[in-house]
Structures are given as C-alpha cells and as structure tokens.
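As structure tokens, the structure follows; a few thoughts come after it.
There are 2 protein chains.
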Amino acid sequence: MAGRRTDTRERIQRVAMELFAERGYDKTTLQEVAERLEITRPALYYHFRTKEEILSSIADGFIASLDELAEWARAQPDTFEARREILRRISELLEDKWRPLMRFAQMNQGAFAQSSVGDRMQDRIVTLVSVLSRPGADAIMQFEARLAVFALILGGVPEVFGMDLPPSELASTAMTVAVRLVSDHEPSGQ
Amino acid sequence: MAGRRTDTRERIQRVAMELFAERGYDKTTLQEVAERLEITRPALYYHFRTKEEILSSIADGFIASLDELAEWARAQPDTFEARREILRRISELLEDKWRPLMRFAQMNQGAFAQSSVGDRMQDRIVTLVSVLSRPGADAIMQFEARLAVFALILGGVPEVFGMDLPPSELASTAMTVAVRLVSDHEPSGQ
DNA sequence: GTCTATACTCGGATAGAC
DNA sequence: GTCTATCCGAGTATAGAC
Chain A
249 MAGRRTDTRE
259 RIQRVAMELF
269 AERGYDKTTL
279 QEVAERLEIT
289 RPALYYHFRT
299 KEEILSSIAD
309 GFIASLDELA
319 EWARAQPDTF
329 EARREILRRI
339 SELLEDKWRP
349 LMRFAQMNQG
359 AFAQSSVGDR
369 MQDRIVTLVS
379 VLSRPGADAI
389 MQFEARLAVF
399 ALILGGVPEV
409 FGMDLPPSEL
419 ASTAMTVAVR
429 LVSDHEPSGQ
Chain B
249 MAGRRTDTRE
259 RIQRVAMELF
269 AERGYDKTTL
279 QEVAERLEIT
289 RPALYYHFRT
299 KEEILSSIAD
309 GFIASLDELA
319 EWARAQPDTF
329 EARREILRRI
339 SELLEDKWRP
349 LMRFAQMNQG
359 AFAQSSVGDR
369 MQDRIVTLVS
379 VLSRPGADAI
389 MQFEARLAVF
399 ALILGGVPEV
409 FGMDLPPSEL
419 ASTAMTVAVR
429 LVSDHEPSGQ
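First to last, the sequence lines map onto chains A and B.
All you need for my numbering is the position in the first sequence, starting with 1, plus 248.
All you need for my numbering is the position in the second sequence, starting with 1, plus 248.
See the structure below:
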C-alpha cells in the first residue's frame with residue numbers, strides 16, 4: 249500500500265496505546281504493534297529508542313495538562329465550591345482525551361511504578377490531591393480527597409469492579425460520589 | 249549447603265511473592281526466584297508448571313478466605329451494622345496475612361486481568377460488593393459500595409497516593425472512610 | 001521424589017546496510 | 001527514513017543424574 253510516509257510516529261503512538269489498553273503493557277509485543285502498522289519491528293526503533301519511550305511520549309501530553317490544572321487549582325480559595333470545580337476539571341480531563349491512558353495506567357500501575365513516567369504522573373496527582381485536602385486537614389480528610397480522585401479515575405474504567413453502566417452515566421456517578429467525599433461534613437463518624 | 253529438602257514448594261511461594269511485590273510480576277524473572285533460593289531455574293518447573301501457577305497457587309488461599317466471608321455475608325440482614333461488620337472482616341482479612349498479595353494485586357492488575365486467578369478474585373470481590381449494596385440500590389450506592397472496598401484495599405497499600413501514615417493508622421482511617429460510604433445518607437447531593 | 005544440564009522459542013534491543 | 005542481520009535474555013520444555 250502506502251510507501252514512505254511522515255506520520256509514522258503518531259501512528260505508532262495511537263496503535264501502541266490501543267494495544268497497551270487492550271492487552272496490557274508487558275503482554276503487548278512490539279511485533280504486534282509493527283504488524284498492525286504493516287512495518288517491521290526494528291523499524292519502530294527508528295522512531296523510539298525503547299518500548300517505554302513510546303509510553304512516556306504518550307503520557308507527556310497528559311502530564312502537561314495536569315500541570316496546567318494543578319497550577320490553576322493552587323490559585324483557588326479553600327472552599328467547597330472550589331474543590332468541586334477542581335474535581336469537575338479532573339473529570340473533564342479524563343473524559344476528554346485521556347481516558348484510554350488512565351484506563352491503561354489503572355490496569356498497569358506496575359508498569360508505571362519505578363519508571364520516570366509513573367513518577368511524574370504520580371507527582372502531579374499528589375499535587376492535585378494536596379490542593380483538594382488543605383494543609384490543616386486530618387488524616388481522614390486527606391484520605392477522602394485521595395479517594396475522591398480515585399473515584400474519578402475508576403469512573404473511567406468500567407471493568408474494574410464490573411459495574412455495567414453506560415460510560416457517561418458511570419462518570420457522572422463517580423463525580424457525584426467524589427464531590428460528596430470532599431464536602432464539608434461532621435468531623436468523624438466511625 | 250542443604251541437599252534435597254521437602255519444603256521447596258513453600259519456599260518458592262514465599263520468595264516469589266516477595267519479589268512480585270518488590271519488582272512487579274512481569275519484571276520478576278524466574279532466574280531471580282531461583283537464585284534467591286539457591287536452586288536452578290528449571291528446578292522451579294518440577295514444582296510449578298508455569299510462572300502463573302506460582303501466582304495462582306498463592307492466591308488460592310486468599311480466594312478460599314473470600315469465599316468463606318462471602319458465604320457468611322450473604323446470610324446477614326440488610327442493615328448498616330451488618331455492612332459495617334462485613335467491611336471490618338474484609339479489613340481484617342487484608343491485614344492478617346494477605347496484605348502482600350493485595351498490595352501486589354493492586355499494583356499488578358494487568359497481570360491479573362485476563363488470567364483465571366484474576367477472574368476468580370474479581371468474582372469474589374464482586375460478590376462481596378453486591379452484598380454490600382443490596383439489589384434495590386441506585387447506581388450511586390452501588391458505586392459507593394465498590395469504592396468502600398477499594399478504600400480498604402488502598403488502606404493496605406501506603407505508597408499508592410503517598411500518604412505517609414503508619415500502616416495501622418492508615419488501615420483504620422480507610423475503615424472509617426469505608427464505613428461512612430456505606431452508611432445511610434440522603435438520596436443524592438450533587 | 002528432587003533437582004541439573006541443555007536446548008528451544010520468542011521478544012526487546014543494537015549496528016549498520018540500503 | 002526504513003529495514004536486515006544479529007544478539008541477549010526470559011519463559012518453557014525435556015532428558016536424565018542422584
């Protein structure tokens with residue numbers, strides 16, 4: 249079919265992301281990526297130095313978005329409304345274009361851990377979470393803030409606990425629960 | 249050193265679990281497992297047919313515990329107190345002897361997904377969750393029940409979102425938040 | 001019954017030809 | 001900018017020593 253082309257790098261990223269999400273990072277072979285693109289395996293190494301670099305090149309855009317969001321979030325007042333808006337923007341980010349990546353990250357924490365990509369993503373998420381649970385918060389509120397972000401992430405990964413809802417409905421359910429977690433409520437309750 | 253011994257199977261399970269938790273399932277090589285035990289790599293194949301069988305043999309005990317718990321849970325009345333007790337028993341299970349496995353499962357969902365071990369674990373957890381969120385519950389309550397179980401799991405995996413609390417305190421914090429998630433509260437609140 | 005020696009396959013990675 | 005030849009290491013398999 250097509251001979252030489254100039255968008256091979258982007259095509260690799262797209263196909264790799266598909267396969268990583270489908271079959272997991274480690275179980276995806278560069279052979280499969282190459283085959284689906286109808287190029288040879290070593291040809292991938294012209295565009296990326298390692299398998300991990302394919303992954304990190306995809307995550308770079310997401311990390312940049314998180315940075316932007318974190319910077320904005322830091323400038324917000326410490327009110328419930330602000331926290332809700334932060335969660336809404338995180339949810340939006342996850343729905344918009346990064347759902348496959350987050351779904352992948354959720355299923356492959358192992359691949360991310362101890363890698364620089366994983367460290368950088370974790371870093372940004374921790375920053376966002378720390379804005380959600382202001383300094384003075386007790387352990388419970390901190391945990392709830394973390395769990396709220398986690399809820400949003402799970403809202404984009406339907407298969408994790410087998411809730412069979414349409415994706416958009418699941419996302420809005422997750423948002424509702426997340427907001428409730430960062431709302432002001434009585435100190436304890438065990 | 250020691251010549252033939254009879255506890256090799258158990259020693260393999262213990263060392264493999266350590267390494268899987270430390271370095272991830274895929275990144276752990278059977279070479280490393282064998283080296284740490286001072287046996288040869290093919291010797292592992294006398295005791296286990298595949299790498300995955302090492303993992304599933306470990307998970308079997310955990311799955312049995314979950315079955316037992318699920319059976320008990322199904323017989324409970326549909327009250328807040330019963331749900332709290334179910335959560336407490338789950339938390340106890342995770343603290344008792346299965347924390348390394350859960351920590352591992354959390355970090356390696358990819359390795360578990362699409363494997364029979366993963367399917368079986370997921371199955372049991374879904375059962376427990378469905379007992380926690382009785383049939384008539386709306387999507388939000390179902391999601392909250394799932395998130396409650398997730399909170400308990402995260403309570404055993406300190407590094408996930410970088411909360412630096414002593415493990416026992418983290419676990420009890422997780423329990424408090426989980427209980428709040430399955431408590432009776434007003435219908436919505438978005 | 002327990003393990004070693006050896007070998008096969010396949011996937012990630014590199015060097016260099018075209 | 002793309003591909004061939006090649007290497008290395010990991011999972012797997014089997015034959016056979018003790």
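Beta carbons are placed, not taken as given, at the ideal position from N, Cα and C, and that holds for glycine.
Remember, predicted model here, so these are calculated numbers, not experimental data.
For residue i, return the contacting residues in chain B, with the cut-off set at a CB-CB distance below 9 angstroms.
i                      : result
residue 269 of chain A : Under the 9 angstroms cutoff, chain B gives no residues; its nearest Cβ is about 10 angstroms from residue 269 of chain A.
residue 319 of chain A : Near residue 319 of chain A there are no residues of chain B at all, since even the closest Cβ is about 20 angstroms away, more than 9 angstroms.
residue 422 of chain A : 391, 395
residue 413 of chain A : 387, 390, 391
So which residues on chain A does residue i lean against when the C-beta distance must stay under 7 angstroms?
i                      : result
residue 425 of chain B : 388, 391, 392, 395
residue 343 of chain B : What residue 343 of chain B touches in chain A: nothing, since even the nearest Cβ is about 16 angstroms away.
residue 349 of chain B : In chain order: nothing, as chain A lies at least about 14 angstroms away.
On the three-state DSSP scale, how would you describe residue i?
i                      : result
residue 369 of chain A : helix
residue 411 of chain B : coil
residue 276 of chain A : coil
residue 363 of chain A : coil
residue 249 of chain A : Because the pLDDT at residue 249 of chain A is just 45, under 50, the model does not fix this residue reliably, and the value given afterwards should be weighed accordingly. Residue 249 of chain A: coil per DSSP, three-state reduction.
residue 337 of chain A : helix
residue 381 of chain B : coil
residue 436 of chain B : With a pLDDT of only 49 at residue 436 of chain B, under 50, the local geometry of the prediction cannot be trusted, and no value is derived from it.
residue 431 of chain A : coil
residue 403 of chain B : coil
residue 212 of chain A : Since the first and last residues shown for chain A are 249 and 438, residue 212 of chain A lies out of range.
residue 386 of chain B : coil
residue 263 of chain A : helix
residue 422 of chain A : helix
Report yes if the C-beta distance between residue i and residue j is below 8 angstroms; otherwise report no.
i                      : j                      : result
residue 304 of chain B : residue 365 of chain B : yes
residue 313 of chain A : residue 400 of chain A : no
residue 404 of chain A : residue 355 of chain B : no
residue 335 of chain A : residue 396 of chain A : yes
residue 260 of chain A : residue 311 of chain A : no
residue 432 of chain B : residue 328 of chain B : yes
residue 349 of chain B : residue 265 of chain B : yes
residue 282 of chain A : residue 276 of chain A : no
residue 391 of chain A : residue 298 of chain B : no
residue 309 of chain A : residue 370 of chain B : no
residue 372 of chain A : residue 326 of chain A : no
residue 430 of chain A : residue 331 of chain A : yes
residue 394 of chain B : residue 408 of chain B : no
residue 269 of chain A : residue 343 of chain A : no
residue 413 of chain A : residue 353 of chain B : no
residue 274 of chain A : residue 367 of chain B : no
residue 483 of chain A : residue 300 of chain A : Here chain A has residues from 249 to 438 only, and residue 483 of chain A is not among them.
residue 280 of chain A : residue 292 of chain A : no
So with CB distances below 8 angstroms, who are the chain B contacts of residue i?
i                      : result
residue 410 of chain A : 370, 374
Which residues in chain A sit within 9 angstroms of residue i, going by Cβ to Cβ distance?
i                      : result
residue 398 of chain B : 395, 398, 399, 402, 408, 409
residue 361 of chain B : 272, 355, 407
residue 417 of chain B : 387
So with CB distances below 8 angstroms, who are the chain A contacts of residue i?
i                      : result
residue 366 of chain B : Per Cβ cutoff of 8 angstroms: no residues; residue 366 of chain B is ~11 angstroms from chain A at best.
residue 384 of chain B : Residues of chain A passing the Cβ test: none, with the nearest at roughly 16 angstroms.
residue 309 of chain B : Residues of chain A passing the Cβ test: none, with the nearest at roughly 22 angstroms.
- Which ranges does the alpha helix (DSSP H) cover as unbroken runs of at least 4 residues, wholly within the stretch 276-332 of chain A, from first to last along the chain? With a minimum length of 4 residues, the continuous alpha helix (DSSP H) runs that stay inside the stretch 276-332 of chain A are 278-285, 289-295, 299-322.
- Against chain B: residues of the stretch 269-283 of chain A by CB proximity under 9 angstroms: Cβ contacts with chain B: 271, 272, 273, 274, 275.
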